[in-house]
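Below is one structure, written out as structure tokens; comments come after it.
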Amino acid sequence: MSSIKPSTGNHPLNASASRHLRAEVVAMSAYTPGEQVLDCIKLNTNECAWGPSPAVLEALRSCGADALRLYPDPLSRRLRELSAERYQVAYDEVLAGNGSDDCLTMIYRAFLGAGDLVATPSPTYGLYDTLASIQGSAIEHLDYLPDWQLPRNLARVGSKLVIVANPNNPSATLTPVSELRRLADAHDGILVVDEAYVDFALGAGLDASLLPHLHQHPNLIVLRTFSKSYSLAGARLGLLFAHRDLVGQLLKVKDSYNVNALTQALGCAAIGDRDYHRELVARTLSERQRLEQSLKRFGWSWPASAANFLLVEVGARAGELYRALKARKVLVRWWDRPELATKLRITVGRSEHTEQLVRLLEELR
Ligand SMILES: Cc1ncc(COP(=O)(O)O)c(C=O)c1O
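When you line the sequence shown up against the working numbering, it's residues 140 to 504, in that order.
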């Protein structure tokens, strides 16, 4: 039985204490992350299906007591040096975050105050909304055009920030680099390109990243994460790339020790093992192909994926299938929202996961 006791919520101070909260916080809804359940097949939050590099595990084993006793390097210097080298930028053009979510938090803190505007294509990664609510900022959603083409007037709504996830979540689709570069030129504000899944596109030989063009666009911020292709979602590590003046300002608003010592060590080891990283991406792409092949028998469709997941159009039974799979210990992602209600987002798992998923889908047909 659970030993967690629910709060009774009726302490006499509660009502009066709540009245001091910022109105934006009271009014907002919390971000709902994908469910984290251990004893099931997790195809719902786009983690990597295989574990991290043996070099990462070795680095974890080598973390001694001092890595816990002492505060970590507040500037994550070694990690940033290695990242700069790996991604061909200067040290002061990169900063590290506690996941790319933390990098997004820094961006929102630094650029957005009450009444400011963010614009994103929609549907996309839900945290962009939550962070805007926290700042008391408004967010304008511009619907993706058919075939997941970028909406045309993203630069024209007068927002301080435009954020595009590329590849996009939940569609897994890729907007061409040239189009995003035009957007950066046209937008009188900051363009954030969230490249959480880009390694899977690059691994498939696509010209997908804005990073090589960073120096041509002083208003561009590029985000990367170690949660997907590096298999370090549990460690929480993200990188932000931008002009050094922006990085300098963003560093001022980060939490003081935002990346813990273990994560800094694991990140350095992960960056150092390029062969293993390539291998993880290649395995994911090959398993994605198997998954697509297996799903064809159901007559469903999905946009071409440039990531480690598929957004599958399954029709009116999507919610029912999600619940039935969950009852059988396979988690996929489903949103009860009109634009996504007929779709399931399925993360690429290992081959035994694909097999179990397909077996259950056959049973539920
Ligand atoms: C588009 C996008 N950006 C950022 C993130 C969060 O990444 P991190 O784990 O680095 O915070 C996710 C996670 O699913 C995502 O889909």
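We put the beta carbon where it would ideally sit given N, CA and C, even for glycine.
Environment of residue i [buried if 16+ CB atoms lie within 10 Å]
i	result
residue 397	buried
residue 472	buried
residue 227	exposed
residue 337	buried
residue 326	buried
residue 209	exposed
residue 348	buried
residue 157	exposed
Own chain, CB closer than 7 angstroms to residue i, minus 5 neighbours either side, in chain order
i	result
residue 222	233, 378, 410
residue 494	none
residue 460	453, 483, 503
residue 463	503
residue 422	189
8 angstroms Cβ shell around residue i - same chain, five flanking residues per side excluded
i	result
residue 229	223, 383
residue 281	258, 259, 260, 261, 290, 292, 293, 296
residue 322	289, 293, 294, 301, 303, 330
residue 458	473, 475, 480
residue 254	275, 276, 277
Rounded straight-line distance, which links the Cα of residue j to that of residue i
i	j	result
residue 480	residue 307	18 angstroms
residue 359	residue 339	22 angstroms
residue 198	residue 355	36 angstroms
residue 350	residue 225	12 angstroms
residue 176	residue 496	17 angstroms
residue 239	residue 406	13 angstroms
residue 311	residue 286	12 angstroms
residue 388	residue 344	34 angstroms
residue 346	residue 367	19 angstroms
residue 218	residue 391	18 angstroms
residue 412	residue 477	43 angstroms
residue 341	residue 188	18 angstroms
residue 155	residue 236	36 angstroms
residue 213	residue 365	19 angstroms
6 angstroms CB neighbourhood of residue i in its chain, flanking five on each side removed
i	result
residue 333	304, 362
residue 374	402, 405
residue 264	304, 308
residue 498	none
Segment limits, beta strand (DSSP E) that includes residue i
i	result
residue 219	Careful: residue 219 lies outside any beta strand (DSSP E), inside the alpha helix (DSSP H) at 216–226.
residue 284	Premise fails: residue 284 is in no beta strand (DSSP E) and is neither H nor E.
residue 236	233–236
Residue range of the alpha helix (DSSP H) that includes residue i
i	result
residue 436	Premise fails: residue 436 is in no alpha helix (DSSP H) and is neither H nor E.
residue 257	Per DSSP, residue 257 belongs to no alpha helix (DSSP H); it is in the beta strand (DSSP E), 256–261.
residue 406	400–411
residue 340	337–342
- Message: Any contact between the region 296–312 and the region 441–448? By contact I mean 3 or more CB pairs, one from each, below 8 angstroms.
- Response: yes
- Task: Mind the definition here: the region 445–461 touches the region 483–498 only if three or more C-beta pairs lie below 8 angstroms; say whether that holds.
- Result: yes
- Item | Stretch-stretch touch, CB-based, cutoff 8 angstroms, three pairs: the region 165–173 with the region 267–285 | yes
- Item | Three or more C-beta pairs below 8 angstroms linking the region 342–361 and the region 201–215 | no
- Item | Cβ pair count under 8 angstroms reaching 3, the region 185–204 against the region 415–429 | yes
- Task: Say whether the region 239–246 touches the region 423–431, bearing in mind that this needs 3 or more beta-carbon pairs closer than 8 angstroms, one atom from each stretch.
- Result: no
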